[in-house]
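Asks: Can you read through this structure? Questions will come right after.
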Amino acid sequence: MDIGTQTSPTPRICIAGLVGQSATGKSTLLETLLGNEPYGRMEPTLRLKCAYAKIYNCSSSHAECYRSCSRIVDIAEHQCDTPGHELNPVSVQKHVSFVDCPGNMLYVSTMLAGIMMTDGVLVLSKPSVDFYLAPTCAVLAAASIMGKSIVVLQNCTEEESANKTKIKESLRQIQQFTRLIVSIEVPIVRLSVRDKTSSKIAELCSRINNMSTPEQDVTSPALMIIANSTCDPEGSENSDETLLVTIHGRVMQGVISPNQETEVRPGIVKVGEDGKAVSCPIILKVVAIMEDAAVSGQVVALRAAANIRNDDQLKSVIKGGLGGHVLGQVGSLPAVYSALKVKFSLVRKMFNPYSEELEKVEAIEKDQDLLLTIGAMSTHGKVHSITEDMMVVSALTPPSCARKEERIFISRKQELAWNLIGHGEIIGGKSVAVVERSFPAD
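If you want it as structure tokens, here you go:
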């Protein structure tokens with residue numbers, strides 16, 4: 018494959034995260050943005066889930082003319098439904114991948130992993146729920162730290178919209194709280210997530226279309242952060258030897274094509290004869306991709322095959338899920354680390370979900386247990402040594418595939434949940450041995 022001949026897809030690509038407290042309407046909003054395509058509203062979001070849409074508008078380019086639909090819908094026969102624009106042709110402006118993040122405070126680490134994958138975040142709220150409650154503070158702080166676009170959505174039912182006093186108080190609370198956490202003015206859109214035809218949904222689509230996105234790197238070796246994976250329930254024609262898996266994730270660089278052999282790190286982590294950890298990458302052959310190719314910047318779904326002949330451990334690891342692992346071109350992925358040297362910075366204050374107050378973040382101390390969010394991977398470690406702005410975190414469990422200069426989130430345990438306390442940049446670390454493998458020949 019000549020990666021140099023690949024071009025980034027047109028229209029543009031955007032990854033938008035849906036975050037906020039439980040029961041604020043994230044899944045319902047997704048159904049609306051996908052054109053009422055069912056999206057499992059009865060199930061709470063406990064892991065990262067992905068959905069795919071496109072933003073389109075008519076030739077007038079007015080904000081009220083923006084709409085969205087599922088990516089599989091052909092808009093060739095669509096017309097603009099803005100009065101006076103019915104005869105204007107419509108065209109796709111941006112392909113959008115939505116990353117639906119958990120809203121429960123016990124899943125803050127998963128939510129932070131989702132934010133890592135996005136270009137911008139939509140923070141949902143309801144007038145009936147205090148905006149400052151967990152995990153909203155961590156969401157805003159994390160998105161601000163990473164320079165993501167932020168839009169707050171105030172989801173109101175007809176009954177709630179009629180209560181002007183409650184709406185005004187909720188808006189005041191949102192404005193006050195965002196000023197405390199985020200250094201820039203955050204737009205707030207009041208809407209009903211069920212009303213697809215409203216001008217506010219059009220405004221939201223316009224704001225998603227205007228989210229800034231990074232330059233796409235299609236020339237570097239392929240690297241994809243895996244958000245989640247599921248095994249094919251029907252297996253394959255030779256299910257005793259081959260396991261098919263569907264993988265969702267964001268391609269950070271390069272291009273992945275059908276029939277390409279890829280590897281997943283850290284894969285299976287074993288203890289070698291010398292007692293040290295060893296990484297055994299998982300080799301997957303790409304069978305099919307939702308798009309013609311998985312290109313830098315996209316969140317995609319791909320199907321891949323693993324040879325599991327006489328390897329029950331490999332089968333178990335894949336069935337357990339590959340979320341957090343890194344997939345890419347064989348032999349080109351970053352090292353797998355058991356310890357990391359991190360240049361860090363703490364946030365000044367963070368919301369305590371138990372006292373329900375903003376509290377000063379205490380300094381990190383030697384031997385403290387921390388949770389590092391690296392890409393979509395959350396790994397536990399212990400502070401081995403620390404100075405004013407540099408620390409070494411050792412005994413990473415699991416070991417993590419990471420790039421030097423990669424930015425990470427740092428969390429500390431607070432009662433039952435991990436709470437965001439800072440961020441950092443990987444300077445170096447102690448890598449583990451990697452055992453190279455290849456997909457058996459047919």
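The sequence shown begins at 18 in our numbering and counts up one residue at a time.
In this text, a Cβ means the ideal position worked out from N, Cα and C, and glycines have one as well.
Here's the rule: buried if 16 or more other CB atoms are within 10 angstroms of the residue's CB, otherwise exposed. What is Ile-201?
Replies: Under this definition Ile-201 is an exposed residue.
Asks: Which residue marks the beginning of the alpha helix (DSSP H) containing Ser-477, and which one marks its end?
Replies: Residue 477 falls outside the range modelled here, since the chain spans only 18 to 459, and no answer is possible.
Asks: Report the rounded CA-to-CA distance for Leu-413 versus Ala-70, giving the unit in angstroms.
Replies: Looking at the two C-alpha atoms, the distance is approximately 37 Å.
Asks: Please state whether the Cβ-Cβ distance between Leu-47 and Asp-117 is less than 8 Å.
Replies: Yes, these two residues count as a Cβ contact at 8 Å.
Asks: Given Glu-258, which residues of its chain have a CB within under 6 Å of its CB, disregarding the five upstream and five downstream residues?
Replies: The answer, listed in chain order, is Arg-326.
Asks: Tell me whether Lys-399, by its Cβ, gets closer than 7 Å to a heavy atom of the ligand MN.
Replies: For the ligand MN, the structure offers nothing, since it holds no ligand at all.
Asks: Which complete beta strand (DSSP E) runs does the segment 267 to 325 hold, if anything under 3 residues is left out?
Replies: List check, beta strand (DSSP E) in window: 278 to 288, 294 to 306, 316 to 324.
Asks: By DSSP's criteria, Gln-346 is part of a beta bridge. Which residues make up the other side?
Replies: In DSSP, Gln-346 forms a bridge with Thr-279.
Asks: Quick one: what does DSSP say Asn-255 is sitting in, helix, strand or coil?
Replies: Only weak support is given to the placement of Asn-255: the predicted model assigns it a pLDDT of 46, under 50, and the question is left unresolved by the model.
Asks: If you draw a straight line from the alpha carbon of Met-18 to that of Ala-239, how long is it in whole angstroms?
Replies: Model confidence at Met-18 stands at a pLDDT of 36, short of 50, so the residue's coordinates are unreliable and nothing is read from them.
Asks: List the residues that DSSP assigns as beta-bridge partners of Thr-263.
Replies: The partner list for Thr-263 (beta bridge, DSSP) reads Thr-247, Arg-320.
Asks: State the Cα-Cα distance for the pair Val-168 and Cys-222, rounded to the nearest angstrom.
Replies: Whole-angstrom Cα-Cα distance: 11 Å.
Asks: Return the Cβ separation of Ala-419 and Ile-381 in integer angstroms, given the expectation that the two are a contact with Cβ distance under 8 Å.
Replies: That pair is no contact at about 19 Å.
Asks: Rounded to whole angstroms, what is the Cα-Cα separation between Ile-89 and Ser-313?
Replies: Each residue's Cα considered, the two are about 20 Å apart.
Asks: State yes or no: is the C-beta of Ala-130 within less than 8 Å of the C-beta of Ser-395?
Replies: Cβ atoms of Ala-130 and Ser-395: closer than 8 Å.
Asks: So what does DSSP say about Val-90, is it helix, strand or coil?
Replies: The answer is coil: DSSP assigns Val-90 none of H, G, I, E or B.
Asks: Just to confirm, are Ser-246 and Ile-264 a CB contact at a threshold of 8 Å?
Replies: Yes; because the gap between Cβ atoms is below 8 Å, this pair is in contact.
Asks: DSSP on Phe-194, reduced to helix/strand/coil?
Replies: It is helical.
Asks: When the Cα atoms are used, what is the spatial distance from Val-378 to Leu-388?
Replies: When rounded, the distance between both Cα atoms is 15 Å.
Asks: Cβ of Ala-434 within 8 Å of Cβ of Ser-355?
Replies: Cβ distance not < 8 Å, so Ala-434 and Ser-355 don't count as in contact.
Asks: Pull the bridge partners of Thr-414 from the DSSP assignment, please.
Replies: According to DSSP, which records beta bridges pairwise, Thr-414 is partnered with His-397.
Asks: Could you work out which residue in Leu-123, Gln-346, Val-146, Thr-404 is closest to Val-235 when comparing CA atoms only?
Replies: If we check each option's Cα against that of Val-235, Gln-346 comes out closest.
Asks: Give me the residue from Glu-373, Ile-425, Ser-448, Ile-444 with the minimum Cα distance to Gln-431.
Replies: Comparing Cα positions, the closest option is Glu-373.
Asks: Let's test the definition: count the other Cβ atoms within 10 Å of the Cβ of Ser-166 and tell me whether it reaches 16, buried, or not, exposed.
Replies: With 16 or more other Cβ atoms within 10 Å, it is buried.
Asks: Starting from the N-terminal side, write out each stretch of the alpha helix (DSSP H) that is 4 residues or longer and does not extend beyond the segment 130 to 166.
Replies: Listed in chain order, they are 153 to 162.
Asks: Is Tyr-124 helix, strand or coil when you go by DSSP?
Replies: Here Tyr-124 sits in helix by DSSP.
Asks: If you count every other CB in all the chains shown that lies within 10 Å of the CB of Phe-232, and 16 or more means buried, which is it?
Replies: Reading off the sequence shown, one finds Glu at residue 232, where the question assumed Phe. It is exposed - the Cβ of Glu-232 has fewer than 16 other Cβ atoms within 10 Å.
Asks: In angstroms, rounded to a whole number, what distance separates the CA positions of Asn-255 and Ala-323?
Replies: With a pLDDT of only 46 at Asn-255, under 50, the local geometry of the prediction cannot be trusted, and no value is derived from it.
Asks: Taking the alpha carbon of Arg-429 as the point to measure from, which residue in Gly-439, Gly-266, Glu-423, Lys-421 has its own alpha carbon closest?
Replies: The option with the nearest alpha carbon to Arg-429 is Gly-439.
Asks: How would you call Leu-357, buried or exposed, if buried means at least 16 neighbouring beta carbons within 10 angstroms?
Replies: Answer is buried; the Cβ neighbour count reaches 16.
Asks: Nearest-angstrom Cα distance between Asp-147 and Gly-292?
Replies: The alpha-carbon atoms of Asp-147 and Gly-292 are separated by roughly 51 Å.
Asks: Looking only at DSSP bridge pairs, what is Thr-390 linked to?
Replies: In the DSSP output, where bridge partners are listed per residue, Thr-390 has Ser-395, Phe-426.
Asks: CB-CB under 7 Å to Ile-32, same chain, minus the five flanking residues each way: which ones, in chain order?
Replies: Excluding residues within five positions, the ones whose Cβ falls inside 7 Å are Ser-114, Val-116, Met-134, Thr-135, Asp-136, Arg-267, Val-316.
Asks: Based on the DSSP output, what are the partners of Gly-52 in its beta bridges?
Replies: According to DSSP, Gly-52 bridges with nothing at all.
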